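In the numbering used here, the protein residues as written are 322 to 1098.
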């Protein structure tokens, strides 16, 4: 970009300084319904479907083998009676009339034009059982229904309470298989000095509020009476049983079962539903098209391959997206007088992304993880490598796969033994040679399409406007993506004209163990590295040519990220790399050797590289660390690198193994380990995350109680109550499954009060004083 304006001439300070930062978070949650197959929606929909009946009929007339029917019946008779991503059936008579009216409005074809009538699929949301009418809805919509029902039946009709409570609905997004929960309010660093802590607190209370909505639905809508116990929790990977079901049904039927109907949040929900179906079709096709790339890269000697499913479950991956914004850049773009705002924002945002990607290996496994076991029989490159053939060039893909095979448990007496694809033969080979397969620290980053790789003609981050549109068109012609889909990347620029603020979204987080510690420091580190990127730019230390916009250079830095996710501790860098910024980092990296296998390449240890990154941060961001008061985060990162037991991956792996009654992930079969991981998230980790929410809620309410002007917001019903003791008593009731609807309603109200306060706090103290004066008068 010629004649680009230097940021130092525009801004008095580098962006993302103290007081300049805003932050928010989006969390994707997993849902399941526990109950007998005769009571739960998902197994009933399968049993009564034309698809299932056709399978049974074809078996009866010997038109097909009985395998499909047997596998479906095995799924339907699962002894755990847990149905991942099932919808729920809510009796109509238990829903308040006003809430039901809102539900009917959400069934309109176009909410702006009620005269056009209802969606073409409106009838599928109703069902009659034994003469009683129910509505069928995904759990993501159950949250909205519960909030509306609670707010409408709550005695408090004050405008601030109604506005806050109903305003929380829009933060429950339901366009994906899993519900997505976005921040109830934006964190402003001018008001919250520790942005990471504030965001961790907000996220924990949001999660607690969500659990209370589930309890409200259990009691108010009598879901348990009708054999449906809902669970909502953080689980990063598609469930084992859902993946097995996906292997035996068609892609159309899979979409019918698991694609969200998009009832809320869009004027034309049915159109949004079709878009989500497009995403599933394209991602499924994209996985199939990795076979061509693998063959071109020399992964197959013959034509025998394991075909990926024509239906892909990657949309059931659940991650955490952390967005940070700069008020400085946002205001500049908003008040742009010379017409250079958009170009300038894009030019430097792209350069920042390229810089930040070099630091992302610090996060993988250290702050978040998605523990996963791969069985020996599944250890085929076309299965294990996921979307990586679309994300790395052939050289780095081959290097990564060779090292992955070397670390995996597929060796006997020094000889590598690979599965051949015949199930009976691979099963015998596995048992004879005791072959385990592999364990992966963060498989979500492999199993999901995390980042679109540039083409030679269309770089993703060269700083030009609409470069991502040109790249998507290129990739669509190659069968890897679609131009209408959102741009996938690890660190996504959030541009003002698209999002209303200027900043970045970190999309590489999987699952946190301790939200108050892990998420807090992850957010602060993301802010720190982004601020450092802009410091480099402001000082002219790093320019676009220093990180060339070629697929090879892009792949070279990303192989480190994906290798870390796969648990590979060695990577190779071209001695003649054109990436000057990477060369700078390598100067601070110890123990670099010349590769004996790959001529002209350097051999680098992942941990040494991570420690090199830490050295760069401590040296080049010393002033930023001081200004943002992030010394604690730096000390925390040092400890995670020096002491493996402090890393999230290590902690989660040990806890899952303890829960499963084993010492190592390799002590059990892959499916058993992965099922135990899911159960641990559902049973143990959910409770731990809820307890963090309770602790943070009490902290917020205590602050309100200590301020006389704010105390009025706790209303008459809490006037003479010891809030902490009341919450503790409710917590015991939740744990004993013995909490009443009245207590649930009170807890919901306390959280809404907390959200009201925090929204005002992040907007400014003057607003708080103004509102409290009105209340007290």
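For every residue, glycine included, the Cβ atom is placed at its ideal position computed from N, Cα and C. Source: prediction; values computed, not measured.
Assigned exposure category for residue i - 16 Cβ within 10 Å defines buried
i	result
residue 614	buried
residue 375	exposed
residue 1079	buried
residue 1098	The predicted model places residue 1098 with a pLDDT of 35, which falls under 50 and marks its position as unreliable, so this point remains unresolved.
residue 489	buried
residue 617	exposed
residue 1116	Look at the range of the chain in this structure, 322 to 1098, and you will see that residue 1116 is not part of it.
residue 514	exposed
residue 346	buried
residue 1118	This structure gives no information on residue 1118, because the portion of the chain shown stretches from 322 to 1098.
residue 818	exposed
residue 781	buried
residue 352	buried
residue 693	buried
residue 484	exposed
residue 1075	buried
residue 527	buried
Simplified DSSP assignment, three categories, for residue i
i	result
residue 547	coil
residue 1047	helix
residue 557	coil
residue 500	coil
residue 701	coil
residue 848	helix
residue 340	coil
residue 919	coil
residue 895	strand
residue 458	strand
residue 743	coil
residue 432	coil
residue 889	coil
residue 800	coil
residue 493	strand
First through last residue of the alpha helix (DSSP H) which encompasses residue i
i	result
residue 526	516-541
residue 673	662-678
residue 826	Run containing residue 826: none in the alpha helix (DSSP H); it sits in the beta strand (DSSP E), 824-830.
residue 1063	1062-1084
residue 943	943-948
residue 364	362-368
residue 1006	Looking at the DSSP string, residue 1006 is not in any alpha helix (DSSP H), and its letter there is neither H nor E.
Identified DSSP bridge partners for residue i
i	result
residue 355	403 and 550
residue 693	761
residue 453	450
residue 732	737
residue 349	501
residue 641	348 and 830
residue 509	343
residue 769	Note: residue 769 sits in no beta bridge, so no partner.
residue 914	924
residue 646	343 and 824
Residues near residue i by beta carbon distance below 6 Å, same chain, minus five either side
i	result
residue 590	583 and 584
residue 698	740 and 747
residue 571	none
residue 762	686, 690, 888 and 970
residue 539	545
residue 1092	Because the pLDDT at residue 1092 is just 46, under 50, the model does not fix this residue reliably, and the value given afterwards should be weighed accordingly. None.
residue 833	689, 839 and 840
Close beta carbons around residue i, own chain, < 7 Å, minus the five adjacent residues each side
i	result
residue 326	661 and 665
residue 669	328 and 858
residue 336	647, 649, 650 and 855
residue 431	437, 588 and 589
residue 866	none
residue 357	402 and 548
residue 909	933, 936 and 937
Start and end residues, beta strand (DSSP E) containing residue i
i	result
residue 411	409-412
residue 923	922-926
residue 813	812-815
Close-in-space but distant-in-sequence residues of the same chain around residue i (CB under 8 Å, 5 per side omitted)
i	result
residue 738	731, 732, 750, 754 and 756
residue 609	628, 629 and 631
residue 416	424, 456, 466, 470 and 542
residue 449	455
residue 1019	1044, 1045 and 1048
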